[in-house]
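In this note's numbering, the protein residues as written are 214 to 394.
Encoded structure:
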């Protein structure tokens with residue numbers, strides 16, 4: 214949201230971000246974006262709003278990252294009262310460090326995982342049926358396969374049950390023998 218962009222001193226407007234994503238995608242390139250979650254004011258509702266914002270941005274890949282305020286960051290002093298984890302090995306943007314006022318950290322993680330699941334289950338059909346840019350299609354599907362099989366999501370998604378059959382169908386079709394570069 215514009216509020217978060219301002220908080221992180223990004224000096225850009227929501228519409229500028231959206232336009233940049235559109236231009237990248239119109240040029241046939243893969244666009245990757247990140248949104249930051251896990252702030253002290255985070256709720257299930259604000260996470261759901263962030264997911265809707267991600268869908269409006271419509272980046273090819275979207276990362277839902279947890280704030281990890283290092284002591285030298287400008288925002289650290291404001292967040293320090295909410296920091297529950299002091300083990301810096303956990304400051305990897307995928308592990309909740311902050312305890313929001315109205316949630317427990319485990320619930321933040323569950324909601325973030327739900328964001329990933331919802332976002333990519335909406336994306337996969339359009340990638341699967343994409344025409345006119347086989348390179349982009351194959352890269353997107355291979356990338357999703359790599360994410361599912363090798364990223365932090367692999368272990369965390371186990372808690373949400375087995376891989377949805379629809380997801381399995383889409384990523385299994387990703388060609389893995391071809392190398393384009």
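C-beta: ideal position from N, C-alpha, C; glycine also. Being a predicted model, the structure only gives us computed values, none of them experimental.
Drop a sphere of 10 angstroms on the beta-carbon of residue i, count the other beta-carbons inside from all chains shown, and report buried for 16 or more, exposed for fewer.
i	result
residue 240	exposed
residue 365	exposed
residue 252	buried
residue 317	exposed
residue 354	buried
residue 263	buried
residue 359	exposed
residue 303	exposed
residue 382	exposed
residue 225	exposed
By Cβ distance below 6 angstroms, which residues in the same chain neighbour residue i in space, the five residues on each side in sequence not counted?
i	result
residue 274	245
residue 237	244
residue 313	253, 255
What separation, rounded to the nearest whole angstrom, lies between the Cα atoms of residue i and residue j?
i	j	result
residue 272	residue 300	32 angstroms
residue 286	residue 323	26 angstroms
residue 378	residue 348	25 angstroms
residue 306	residue 231	23 angstroms
residue 311	residue 216	19 angstroms
residue 339	residue 290	43 angstroms
residue 234	residue 351	20 angstroms
residue 343	residue 284	44 angstroms
residue 282	residue 268	26 angstroms
residue 392	residue 327	Annotation note: pLDDT 40 at residue 392 (below 50); position unreliable, coordinate value reported separately. So the two alpha carbons sit approximately 32 angstroms from each other.
residue 259	residue 309	16 angstroms
Report yes if the C-beta distance between residue i and residue j is below 8 angstroms; otherwise report no.
i	j	result
residue 298	residue 249	no
residue 325	residue 277	yes
Please go through the same chain and pick out, in chain order, the residues whose beta-carbon is closer than 8 angstroms to the beta-carbon of residue i, but skip the five residues on each side of it.
i	result
residue 257	316, 320, 324
residue 331	264
Leaving out the 5 sequence neighbours to the left and right, which residues in its chain are closer than 7 angstroms to residue i when beta-carbon positions are compared?
i	result
residue 329	277, 366
Legend entry - Segments of 3+ residues assigned as beta strand (DSSP E) that fall wholly inside the segment 223–287: 245–250, 274–279
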